[in-house]
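Everything on this sheet refers to the single structure shown next.
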Amino acid sequence: MTETTDTNPIYPELDFELDSQSGVLTASFREAKGKAKIDHDYLIEQVVNAGFGDLFFRDEAIQNFLFKASNEDAGEADIAEKRDAEISISVADDHMKAYATTTQAYGGATLTADDVVRALKNKGVIEQAMDMDAIQKLITLPFTNKMQVATGKQSVIGKNGYFKWLLEKEETSVHFVGNDEGIVDFRAGKKYLVVDQGASVLKYVPAEKGSDGYDIRGHTLNGADGKDIKAERNWEGIEQAYHDPNIYVAKYKGHPVNLNPGARIDKSLQFKAIDLKTGHVKFDGSLEINGDILPGMKVQATGDIFIRGTIESALVESGANIYIAGGILGNEQETKDDVVLPEHFECYIRAKGDVHARFVSSVQIYAGHDIHLREYSMHSELYAGNGLFLGQEGGKGILIGGQAIVGKTAVVNQLGNGTYVITQLQIGLSDTLDRHFQYLKDEKHELQSQAQTHIEALQTLKTNHPDVESLDQETLQRVFEIKATINRLKHRAHELNFKIHCYTAMDTPGKYSVSSRKAYPNVNIGIMNLVRKLEHEHNHLSLESDGQAIVDN
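Under our numbering, the first residue of the sequence shown is numbered 2, with each subsequent residue one higher.
Next comes the structure, spelled out in structure tokens:
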């Protein structure tokens with residue numbers, strides 16, 4: 002005989018009654034003895050089935066009820082209750098924000114927007130500060146939450162007017178860069194800004210209006226308008242644009258300086274000295290250098306260059322004139338017959354206009370017009386498109402050693418010296434110099450042709466290989482070499498431009514003259530193809546020529 006077991010337990014009878022006045026739910030049981038024990042899950046299930054699942058359950062009361070049901074035959078207990086949703090308002094210390102904290106409803110009344118507004122008003126919050134969108138969202142949430150529901154309006158302090166710099170930011174430090182030959186130039190300079198006349202430099206941004214605000218309780222928070230500022234009269238080279246009074250433009254071409262606030266335009270770029278701190282300087286305009294140019298430096302400008310110190314073993318080039326208060330010094334170089342070999346110079350001065358200096362030694366100078374020296378020129382090469390003047394602006398005015406080639410005239414206080422150093426002075430172009438002039442022009446033409454060929458080759462490579470990153474090592478090396486060659490050709494062509502400019506000025510017809518208060522033996526004077534070699538001392542030497550004969554005055 003097989004024994005069977007009933008798998009559906011029989012529980013005591015349960016009844017639930019909700020008091021309409023208090024909202025309390027009372028649970029009762031009876032005939033519990035001999036029946037299955039009521040557990041927590043079964044009780045809650047029955048409460049939900051009876052339609053009271055949304056009430057707030059009293060956990061401790063439920064535990065007591067379950068204990069009774071396990072030990073008594075009948076009994077009752079209040080196990081749940083209705084609860085309305087509740088709200089509390091908190092206000093930030095600065096009275097600029099208010100937060101609502103809610104508890105959910107348990108079978109009782111839910112919150113409405115009016116309830117939230119009423120609670121905020123009870124805390125002194127004005128309707129203008131209430132965030133109705135946040136309030137509507139808050140009352141739809143079915144769980145306890147905290148949300149910002151009111152915000153004051155901050156007062157606005159308007160920004161002051163200011164001048165906005167419209168140009169690119171100028172580099173503030175020297176960058177050490179490698180050239181196309183892979184050599185790092187530790188004197189490489191930075192880029193200096195140049196603006197043309199009429200270029201926009203500053204823009205005035207007017208002051209902003211301010212506005213009052215309020216806190217959530219309606220107290221006024223005072224704002225203020227920003228303050229306008231005016232352009233200063235000492236902003237040299239700056240003026241208002243005719244088309245817009247808030248735009249300030251350059252009166253003339255020059256170097257813009259950011260005064261922050263404001264600006265000025267310097268007709269020349271100024272330096273204390275040219276050294277490793279500044280690096281090489283290349284500038285489209287004029288330069289003022291209050292100190293020295295140190296060895297190994299390069300200074301290039303399209304305008305005048307003013308130097309209050311000295312130049313030592315440097316390269317200085319000007320598209321106009323060069324004025325040097327001190328002297329120009331090169332290193333002692335290899336000489337032949339008291340003439341420094343051209344390839345051994347380490348100091349080069351080139352100007353398309355005049356060159357003025359106190360003295361020069363072991364220097365090569367090309368001037369498109371005149372060279373003016375106060376004290377002396379020693380073992381140097383001087384080329385002047387028009388004239389050479391030594392001592393005419395004060396000073397000893399001595400030409401010793403080296404050679405000077407000038408276009409029309411030389412006025413020198415003293416030619417040579419008492420040790421009879423060989424000194425060469427040439428006025429006008431001789432046939433030999435004329436051939437050299439033609440050679441320079443041919444060389445420049447050939448350089449330009451070669452440069453164009455290499456530029457076209459480089460362009461072809463770029464066209465055939467638009468993706469630089471995909472180039473193989475061999476092709477990259479070829480590109481590198483082509484660029485290096487183009488740069489060398491351009492550098493040489495640039496140097497030839499100064500020489501050709503000087504020779505072009507010499508190659509004009511006219512009268513030729515030499516004058517000196519004192520001249521010594523071993524001074525060789527050439528006028529065109531005519532030569533006069535001095536074999537004894539002369540006082541007040543004065544020579545003239547039309548190219549046919551040399552005439553003593």
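The beta-carbon is built from N, C-alpha and C at its ideal position, and this holds for glycine as well.
Keep in mind it's a predicted model, so treat the numbers as computed, not measured.
Just the Cα atoms here: how many angstroms apart are T103 and I127?
-> For the purposes of this step, residue 103 is identified with residue 102 of the sequence shown, where counting begins at 1. For the purposes of this step, residue 127 is identified with residue 126 of the sequence shown, where counting begins at 1. So the alpha carbons of these two residues sit roughly 20 Å apart.
As assigned by DSSP and simplified to three states, the class of H370 = Here residue 370 is taken as the residue at index 369 of the sequence shown, counted from 1. Correct three-state label for H370: coil.
Residues near G125 by beta carbon distance below 7 Å, same chain, minus five either side | Looking up residue 125 in the sequence shown gives position 124. So the list reads R218, once near-sequence residues are dropped.
Is the distance from the Cβ of R309 to the Cβ of I323 below 8 Å?
-> Your numbering for residue 309 matches position 308 in the sequence shown. Your numbering for residue 323 matches position 322 in the sequence shown. Contact flag unset, no.
Taking the alpha-carbon positions, what's the V178 to H281 distance?
-> On the sequence shown, residue 178 is found 177 positions in, with the first residue counted as 1. On the sequence shown, residue 281 is found 280 positions in, with the first residue counted as 1. Because V178 carries a pLDDT of 44, less than 50, the predicted location of this residue cannot be relied on, and the following value inherits that uncertainty. Taking the straight line joining both Cα atoms gives about 12 Å.
Can you tell me which of the three DSSP states T173 falls into?
-> Here residue 173 corresponds to residue number 172 of the sequence shown, with the count starting at 1. Per-residue confidence for T173 stands at a pLDDT of 46, beneath the threshold of 50, marking its modelled position as unreliable; the derived number appears in the next sentence. In the structure shown, T173 sits in coil (DSSP, three-state: anything other than H, G, I, E or B).
Let me know if I401 comes out buried or exposed under the rule of 16 or more other beta-carbons within 10 Å of its beta-carbon.
-> As a position in the sequence shown, residue 401 is number 400, starting the count at 1. Under this definition I401 is a buried residue.
Let me know the alpha helix (DSSP H) ranges lying completely inside the stretch 466-513, each 4 residues or longer, listed in chain order.
-> Taken in chain order, the unbroken stretches of alpha helix (DSSP H) that lie wholly in the stretch 466-513 and span 4 residues or more are 474-507.
Is it right to say E536 is buried, meaning 16 or more other beta carbons lie within 10 angstroms of its own, or is it exposed?
-> One-based indexing of the sequence shown puts residue 536 at position 535. Label assigned to E536: exposed.
According to DSSP, is T410 helix, strand or coil?
-> Residue numbering aside, residue 410 sits at position 409 when the sequence shown is read from its first letter. If DSSP states are grouped into helix, strand and coil, T410 belongs with the strands.
List the endpoints of the continuous beta strand (DSSP E) containing F307.
-> Here residue 307 corresponds to residue number 306 of the sequence shown, with the count starting at 1. F307 -> beta strand (DSSP E) spans 306-308.
Exposed or buried, what is V258 when buried is set at 16 or more other beta-carbons lying within 10 Å of its beta-carbon?
-> Position 257 of the sequence shown holds residue 258. With 16 or more Cβ atoms within 10 Å of its Cβ, V258 is classed as buried.
Which one of I528, G417, T464, Q474 has the shortest CA to CA distance from T433?
-> Reading the sequence shown from its first residue, position 432 is the one you call residue 433. Checking every option, the nearest Cα to that of T433 belongs to I528.
Count the other C-beta atoms from every protein chain shown that fall within 10 angstroms of the C-beta of I11, then say buried if there are 16 or more, exposed otherwise.
-> Looking up residue 11 in the sequence shown gives position 10. Flag for I11 reads exposed.
Could you tell me the distance, in whole angstroms, from the CA atom of Q47 to the CA atom of G214?
-> To locate residue 47, count along the sequence shown from 1; it is residue 46. To locate residue 214, count along the sequence shown from 1; it is residue 213. Q47 and G214: Cα-Cα distance of roughly 58 Å.
Which partner residues does N259 have in the DSSP bridge list?
-> Stepping through the sequence shown from its first residue, residue 259 is reached at position 258. Its beta-bridge partners are A264.
Segment contact flag, the stretch 146-164 with the stretch 221-232, C-beta cutoff 8 Å, min 3 pairs | yes
Inspect the CB distances between the stretch 66-79 and the stretch 106-116 and report whether three or more fall short of 8 Å.
-> no
First and last residue of the beta strand (DSSP E) that includes Q149?
-> By 1-based counting over the sequence shown, the position of residue 149 is 148. Element bounds for Q149: 146-152.
Please go through the same chain and pick out, in chain order, the residues whose beta-carbon is closer than 6 Å to the beta-carbon of D339, but skip the five residues on each side of it.
-> Numbered from its first residue, the sequence shown carries residue 339 at position 338. In this prediction, D339 has a pLDDT of 47, which is less than 50 and means its spatial position is unreliable; what the coordinates show is noted afterwards. Cβ within range, chain order: G402, V422, I423.
Using the rule of at least 16 other Cβ atoms within 10 Å of the residue's Cβ for burial, across every protein chain shown, is H41 buried or exposed?
-> The residue given as residue 41 occupies position 40 in the sequence shown. Classification for H41: exposed.
Given a cut-off of 8 Å, decide if G263 and F1 are closer than it, judged by their beta-carbon atoms.
-> With the chain covering 2 to 554 only, the question about residue 1 has no answer from this structure.
Is the Cβ-Cβ distance between L555 and G286 less than 8 Å?
-> The structure shown does not extend to residue 555, since the chain spans only 2 to 554, so no value can be given for it.
At a cut of 8 Å, does the stretch 410-419 reach the stretch 438-453 through at least three beta carbon pairs?
-> no
Pick from Y205, T476, A200, R518 that is closest to L168, judged by C-alpha positions | As a position in the sequence shown, residue 168 is number 167, starting the count at 1. Nearest C-alpha to L168: A200.
Can you tell me the Cβ-Cβ gap for A130 and A151, rounded? I've got them flagged as a contact below 8 Å.
-> As a first step, residue 130 is located in the sequence shown; it is residue number 129 there, counting from the start. As a first step, residue 151 is located in the sequence shown; it is residue number 150 there, counting from the start. That belief holds up - the Cβ atoms of A130 and A151 are roughly 5 Å apart, short of 8 Å.
Is it right to say H220 is buried, meaning 16 or more other beta carbons lie within 10 angstroms of its own, or is it exposed?
-> Here residue 220 corresponds to residue number 219 of the sequence shown, with the count starting at 1. Result: exposed.
Could you work out which residue in L472, P13, A78 is closest to K34 when comparing CA atoms only?
-> Residue mapping note: residue 34 aligns to position 33 of the sequence shown, counting from 1. It is P13.
If I'm right that S543 touches Y513 with Cβ under 8 Å, what's the distance once you round it to whole angstroms?
-> Your numbering for residue 543 matches position 542 in the sequence shown. Your numbering for residue 513 matches position 512 in the sequence shown. Actually they are not in contact, since the Cβ atoms of S543 and Y513 sit about 12 Å apart, beyond 8 Å.
Local conformation of R31 per DSSP, three classes | Locating residue 31 in the sequence shown gives position 30, where the first residue counts as 1. Looking at R31 - three-state DSSP - the assignment turns out to be strand.
Cα separation between E182 and Y249?
-> For the purposes of this step, residue 182 is taken as residue 181 along the sequence shown, with counting starting at 1. For the purposes of this step, residue 249 is taken as residue 248 along the sequence shown, with counting starting at 1. Note that E182 scores 46 on pLDDT, short of 50, meaning its location in the model is unreliable; the coordinates nonetheless yield the value given after this. Each residue's alpha carbon lies about 44 Å from the other.
With a threshold of 16 other CB atoms inside 10 Å of the CB of V49, please say whether the residue is buried or exposed.
-> Position 48 of the sequence shown, counting from 1, holds the residue named residue 49. Counting Cβ neighbours within 10 Å, V49 comes out exposed, since fewer than 16 surround it.
Pairwise C-alpha distance: A37 and V118 | As a position in the sequence shown, residue 118 is number 117, starting the count at 1. As a position in the sequence shown, residue 37 is number 36, starting the count at 1. For V118 and A37, the distance between alpha carbons rounds to 52 Å.
Looking at the unbroken alpha helix (DSSP H) that takes in L67, where does it start and where does it end?
-> In the sequence shown, the residue the question calls residue 67 occupies position 66. From DSSP, the alpha helix (DSSP H) with L67 extends over 60-72.
Are the CB atoms of A411 and L389 nearer to each other than 8 Å?
-> Here the question's residue 411 lines up with position 410 in the sequence shown. Here the question's residue 389 lines up with position 388 in the sequence shown. Going by C-beta atoms, A411 is nearer than 8 Å to L389.
Assign T311 to buried or exposed, taking buried as 16 or more other Cβ atoms, counted over all protein chains shown, within 10 Å of its Cβ.
-> Numbered from its first residue, the sequence shown carries residue 311 at position 310. T311 comes out buried.
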